[in-house]
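For the sequence shown, the working numbering gives the first residue as 36, with consecutive numbering after it. For reference, the structure is listed below as structure tokens.
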Amino acid sequence: MKADKNHRISLAALLTGLLMMSSLVVTAQTDKAAYLNRINEQYPGADIVEFEVKEGYVEIEFLYEGAVYEVGMDSNKDVIYREEATVVPADVLPKIERKLAESYVGWTVDEYAKVTRGDTAFYKVELMKEGVEENVYFSLEGKYFKLGNVVVDEPWTKGDLLQLQLFASAPYDFLRPAKTFELPELLREVSGIARDTDGTLLCVQDELGVVFRFDPKKERLQGMYRFADVGDFEDIAINGQKAYVLRSDGAVFTFDTNDYDGTVTQTIVPLPSMNMEGLFLHSSGKELLF
36 MKADKNHRIS LAALLTGLLM MSSLVVTAQT DKAAYLNRIN EQYPGADIVE
86 FEVKEGYVEI EFLYEGAVYE VGMDSNKDVI YREEATVVPA DVLPKIERKL
136 AESYVGWTVD EYAKVTRGDT AFYKVELMKE GVEENVYFSL EGKYFKLGNV
186 VVDEPWTKGD LLQLQLFASA PYDFLRPAKT FELPELLREV SGIARDTDGT
236 LLCVQDELGV VFRFDPKKER LQGMYRFADV GDFEDIAING QKAYVLRSDG
286 AVFTFDTNDY DGTVTQTIVP LPSMNMEGLF LHSSGKELLF
């Protein structure tokens with residue numbers, strides 16, 4: 036009986052999800068004229084090429100004044116992103132081309148596009164190789180851009196953040212970094228960073244048991260410490276020449292960064308949690324905070 040009840044609940048949830056998705060599609064198709072009217076309000080005389088209903092939004096491709104545009108709109112007919120073919124400035128293009136030459140050997144550039152989402156803009160580069168398409172994203176300065184969700188129901192903007200008291204009272208202006216560093220392509224998903232006494236940064240990857248030493252002045256790697264195999268590593272702290280790396284299940288890996296010979300000490304934190312996210316060294320230098 037219990038299994039049958041769970042089956043009915045799962046089936047009901049599935050049917051509910053399908054009905055909601057079907058409702059979205061029907062609503063979007065019914066309101067197609069309203070979506071197209073919004074496009075014509077902003078781009079008078081636009082020639083619609085394609086109208087496609089996606090999951091949670093509508094995608095419209097059109098021609099306007101000889102250029103191809105793609106716009107995403109939510110259920111309120113508000114534009115959530117806009118994409119258009121572009122010419123990358125001469126001072127930025129070589130930076131992008133150099134990165135593509137290093138990481139995408141054999142691929143050819145099909146198109147450069149500029150994407151605007153809220154108050155953020157970035158470049159999308161469409162690459163082709165043997166019929167396969169790959170998109171790579173760069174900031175307007177030519178640095179790799181990590182793309183989050185392009186389409187969200189309630190996009191955050193700078194204006195939204197500035198209205199938050201917690202954000203406004205922070206001792207650091209997150210919207211105006213003192214300096215931005217570009218990490219090597221190898222460091223795709225850094226989960227923890229700690230500054231060593233010599234000014235270099237020790238970085239740990241999310242799922243790789245390796246700590247990388249990065250020199251921010253030269254913007255290049257200086258070395259690495261292999262302390263474990265794969266795992267869910269969350270953060271790193273430094274105390275003198277000792278490095279401490281936290282795994283999400285509460286395991287702490289300790290090793291000497293000054294004279295590393297492969298020796299690693301592992302300690303289990305006696306806390307009832309399998310999802311620890313942060314590690315900090317107390318100002319006394321005698322305690323670790325989790």
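All C-beta atoms in this analysis are idealised placements derived from N, C-alpha and C, irrespective of residue type, glycine included.
Within the same chain, Cβ atoms closer than 8 Å to the Cβ of residue 92 are found at 107, 108, 109, 110, 115, 186, the five residues on either side in sequence being excluded. DSSP places residue 145 in the strand class (E or B) of the three-state scheme.
Between the alpha carbons of residue 176 and residue 123 lies a distance of about 10 Å. Per DSSP, the beta bridge partners of residue 170 are 161. For residue 94, the closest C-alpha among the options 74, 247, 218 is that of 74. In this structure the segment 162 to 169 touches the segment 140 to 150; the number of beta carbon pairs closer than 8 Å is three or more.
When the beta-carbon positions are compared, residue 228 and residue 218 stay at least 7 Å from each other. Beta-bridge annotation (DSSP): residue 104 is paired with 97, 119. Judged by pairs of C-beta atoms under 8 Å, the segment 296 to 303 does not touch the segment 252 to 259, as fewer than three such pairs exist.
Put simply, the backbone Cα of residue 283 is about 29 Å away from that of residue 208.
Residue pairing for residue 239: DSSP places it in a beta bridge opposite 227, 246. Per the C-alpha coordinates, the member of 293, 77, 195, 204 positioned closest to residue 117 is 77. CA-to-CA, the gap between residue 72 and residue 101 works out to about 20 Å.
Residue burial is scored here from C-beta neighbours: residue 226 has at least 16 other C-beta atoms within 10 angstroms and is therefore classed as buried. With contacts defined by Cβ atoms closer than 7 Å, residue 138 and residue 220 form a contacting pair. Closest in C-alpha terms to residue 244, from the list 233, 149, 269, 234, comes 269. Here residue 86 carries a strand assignment [DSSP, helix/strand/coil]. In the DSSP assignment, residue 72 falls outside any beta strand (DSSP E) and lies within the alpha helix (DSSP H) extending over 67 to 77.
In this structure, the straight-line span from the alpha carbon of residue 133 to that of residue 248 is close to 23 Å.
Apart from sequence neighbours up to five positions away, the residues of its chain that approach residue 174 with a beta-carbon distance below 7 Å are 157, 180, ordered along the chain.
For residue 196, the closest C-alpha among the options 125, 169, 303, 154 is that of 154.
In the three-state scheme derived from DSSP, where H, G and I count as helix and E and B as strand, residue 153 is classed as coil. Residue state for residue 257 is assigned as strand, using DSSP reduced to three classes. About 15 Å separates the beta carbon of residue 288 from that of residue 276, a gap too long to meet the 8 Å contact definition.
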